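Asker:
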Amino acid sequence: MAHRHRKLLLLALAGGLMAAAWLFPGASRWLLITAAVVAGAPVARQAWGSLRLRQFSIALLVTAAAAGAILIGEEWEAAVVTFLFVLGGYLEDLALERTRSALRSLMDMRPRTARRKCRDGWVEVPAESVQPGDTVVILPGDRVPVDGRVSAGRAVLDTAALTGEPLPVEVGPGDKVLSGSVSQGGHLEVVAERVGADTTFQRLIFLVVEAQEQKPRVQRLLDRFARWYTPGVMTAAALLGLLTGNAHLALTFLVIACPGALVVAAPVAIVAGLGRAARSGILIKGGEQLERIGRADAVAMDKTGTLTYGKPMVTAVIPFDGFDATTVLALAAAAEQRSEHHLATAILNYAREQGVTAVPASDWRLEPGLGAVARTYSGLVLVGNEKLLEAHGIHLTSAQAEVVAERQLRGESVALVAVDGRAAGVIGISDRVREDARQLVPALRQAGIRHTVMLTGDNWAAARRVAEELGIDEVRAGLTPPEKVAAIRSLQAAGHVVAMIGDGINDAPALAAADVSVAMGGTGTEAALEVADITLMADRLTQ
């Protein structure tokens, strides 16, 4: 941060001196020399550093040319070239600082306290003080502070940040829970197995750090050019001076041969490209990222929130014998009126869209991990999973069970509806594919992308359904964040330049590991947006 502020100070000082030189021509020579020295000092240090490593950099040529320009009276050339070179470095530093801030956003989300069970109930303690074997209490709205197993209670957990699974997970005794999951309802007691730095959430942070450190820095076009051009020009200038005995001629050649136009044109072209992208709602961190995206030949993409809307929606209402779809939906809406569950929200939204009014109800109650119950004029209404129906003595027929199995094979979640002791129907719920996602793969192929792969923490059935619908080449489902990183690295090892598109916290390590990363601006989490090289602000894949 201090290094970046020093560069900004140097730029302001050099820029002020150049402005003064333009306003006061009589003093312009010394003002411009001072500006070139001020801006050129960090360039000279960079040139010396590359020489010590026996490397020829563009900084070395800029330093030599600036010195030569001053000696032959071309002070403007010296000041402008050094100023623009330092400006480019400052913009790169800004991009690096934004990347590092991703870690701060992740750290802000980690669980800081835990409710440790004791004889009199529970006591709130720092999460770091919990030891393996301790029992922690999880209440609605809590972020789970440890990895462990449920010893008592039932609850619904949102694990989307860790797994990418769009639908909440119902857990009970014996089930494993991960740190960073958020309780949406119910009461849990969890026996800690992994704590502190060993938890899933802490390892997620470590993965982001590791991926950023191991990410190969792609050499800029200007640097590749300088590798052969710099020694060639300096050798030619030295030979010219030796052969002619004219040092002024050699310095003139050095100044003329300095790619001043390239040093100026590269930042201008980059700024123009970044500006054009910004006007289209695409924010790119810098020139290096702009170069990388042009070389990508493989695209990996998350499913939930990227290819899909990231929220559950009703896909079908299937009535059983003796009922119709409208009645089933009206009964389900009646029972779910007081619920804040994701599936309840999907059912209520769909009923509203279809103009279906919930039947009058009373005596609502939620049964965590099972579903919702309410009393209507038709009898007791149940909406939830098969365990809820079985707990009330209702069993599905083989034909009804086949309907449920068919929806689950499609990758859908199902909400069974029963009334007055009879199964009334089933509601299929899934995360719907974005409309613009259907145009994505054809557009990528047209742009020269040779391979597309879906990397998702969601289940295989849901992932396969979306991939087949969109024409994606390869599917890898049920992945944890480390497995997503491994998938990116396997593509890179196969010779691909990989772009990754994602939106969630669980995508952050894979985004950091990819050669170039793209985040969805509208739905993306702060961690994903900070890590990404490119952000789609309008939240459209086809921007």
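Numbering (my numbering), first residue to last: 274 to 816. All residues carry an ideal CB built from backbone N, CA and C; glycine is no exception. Just so you know, these numbers come straight off a predicted model, no measurement behind them.
1) Between which residues of its own chain and Gly426 is the CB-CB distance below 7 Å, once the five residues before and five after are set aside?
2) If you run the structure through DSSP and keep just helix, strand and coil, what is Gly514?
3) Tell me which residues share the same chain as Pro384 and place their Cβ nearer than 6 Å to its Cβ, disregarding the 5 neighbours each side in the sequence.
4) In the DSSP assignment, the alpha helix (DSSP H) including Thr757 goes from what residue to what residue?
5) Distance, Cα to Cα, Ala734 vs Val353?
6) Would you check if there are 3 or more beta carbon pairs closer than 8 Å linking the segment 706–717 to the segment 684–693?
7) With a CB to CB cut of under 7 Å and the five nearest residues on each side skipped, what residues in its chain are close to Arg490?
8) Between the alpha carbons of Thr386 and Arg476, how many angstroms are there, rounded?
9) Applying the criterion that 16 or more other CB atoms from any shown protein chain within 10 Å of the CB defines a buried residue, is Phe356 buried or exposed?
10) Looking only at C-alpha atoms, which of Gly394, Leu527, Ala786 and Ala317 sits nearest to Ala759?
11) What is the DSSP secondary structure of Ser651, reduced to helix, strand or coil?
12) Gln712 by DSSP, collapsed to three states: which one?
13) Let me know the secondary structure DSSP gives Thr408 once reduced to three states.
14) By a C-beta neighbour count over all protein chains shown, 10 Å radius and 16 as the cutoff for buried, is Arg389 buried or exposed?
15) Count the other CB atoms, across all protein chains shown, that sit within 10 Å of the CB of Thr472; report buried if there are 16 or more and exposed otherwise.
16) According to the Cβ coordinates, are Asp570 and His278 closer than 9 Å?
17) Determine the burial state of Pro446: buried for a count of at least 16 other Cβ atoms within 10 Å of its Cβ, exposed for fewer.
18) Along the chain, where does the alpha helix (DSSP H) that runs through Lys584 open and close?
19) According to the neighbour-count rule (16 or more other Cβ atoms, all chains shown, within 10 Å of its Cβ), is Val396 buried or exposed?
20) What is the rounded straight-line gap between the Cα of Leu333 and the Cα of Ile478?
21) For Gly701, which of Arg749, Leu616, Gln562 and Gly406 has the nearest alpha-carbon?
Answerer: From the atom records:
1) Residue mapping note: residue 426 aligns to position 153 of the sequence shown, counting from 1. Around Gly426: Gly459, His460, Leu461 and Glu462.
2) Taking the sequence shown and counting its residues from 1, the one referred to as residue 514 is at position 241. Correct three-state label for Gly514: helix.
3) In the sequence shown, the residue the question calls residue 384 occupies position 111. For Pro384, where only same-chain residues beyond five positions count, the Cβ hits under 6 Å are Ala400, Arg416 and Pro418.
4) If you number the sequence shown from 1, residue 757 lands on position 484. For the sequence presented, residue 757 should be read as Lys rather than Thr. Per DSSP, the continuous alpha helix (DSSP H) segment holding Lys757 begins and ends at Pro754 to Ala766.
5) Numbered from its first residue, the sequence shown carries residue 734 at position 461. Numbered from its first residue, the sequence shown carries residue 353 at position 80. When rounded, the distance between both Cα atoms is 60 Å.
6) Contact annotation: the segment 706–717 does not touch the segment 684–693, with fewer than three C-beta pairs closer than 8 Å.
7) Numbered from its first residue, the sequence shown carries residue 490 at position 217. Caution is warranted here: a pLDDT of 49 is assigned to Arg490, below 50, making its placement in the model unreliable, and the coordinate value is therefore given only provisionally. If we look at Arg490 and ignore the five residues flanking it on each side, it has no Cβ neighbours.
8) For the purposes of this step, residue 386 is identified with residue 113 of the sequence shown, where counting begins at 1. For the purposes of this step, residue 476 is identified with residue 203 of the sequence shown, where counting begins at 1. Between the alpha carbons of Thr386 and Arg476 lies a distance of about 18 Å.
9) Residue numbering aside, residue 356 sits at position 83 when the sequence shown is read from its first letter. With at least 16 other beta carbons inside 10 angstroms of its own, Phe356 counts as buried.
10) Taking the first residue of the sequence shown as 1, we reach residue 759 at position 486. For the residues Gly394, Leu527, Ala786 and Ala317, the minimum Cα distance to Ala759 belongs to Ala786.
11) Taking the first residue of the sequence shown as 1, we reach residue 651 at position 378. Secondary structure at Ser651: coil, using DSSP grouped into helix, strand and coil.
12) The sequence position of residue 712 within the sequence shown is 439, counting from 1. Gln712: helix per DSSP, three-state reduction.
13) Numbered from 1 along the sequence shown, position 135 holds the residue referred to as residue 408. Of the three classes helix, strand and coil, the one that applies to Thr408 here is strand, per DSSP.
14) Position 116 of the sequence shown, counted from the first residue, corresponds to residue 389. The residue in question, Arg389, is buried, as its Cβ has 16 or more Cβ neighbours within 10 Å.
15) As a position in the sequence shown, residue 472 is number 199, starting the count at 1. Classification of Thr472: buried, given that the 10 Å Cβ count is 16 or more.
16) Position 297 of the sequence shown, counted from the start, is the residue given in the question as residue 570. Position 5 of the sequence shown, counted from the start, is the residue given in the question as residue 278. No, they are not a contact pair.
17) Numbered from its first residue, the sequence shown carries residue 446 at position 173. That one is exposed.
18) Position 311 of the sequence shown, counting from 1, holds the residue named residue 584. It is not in any alpha helix (DSSP H) - Lys584 instead sits in the beta strand (DSSP E) that spans Thr581 to Pro592.
19) Taking the sequence shown and counting its residues from 1, the one referred to as residue 396 is at position 123. Val396 comes out exposed.
20) For the purposes of this step, residue 333 is identified with residue 60 of the sequence shown, where counting begins at 1. For the purposes of this step, residue 478 is identified with residue 205 of the sequence shown, where counting begins at 1. Taken atom to atom, the span from the alpha-carbon of Leu333 to that of Ile478 is near 38 Å.
21) Reading the sequence shown from its first residue, position 428 is the one you call residue 701. Answer by Cα proximity: Leu616.
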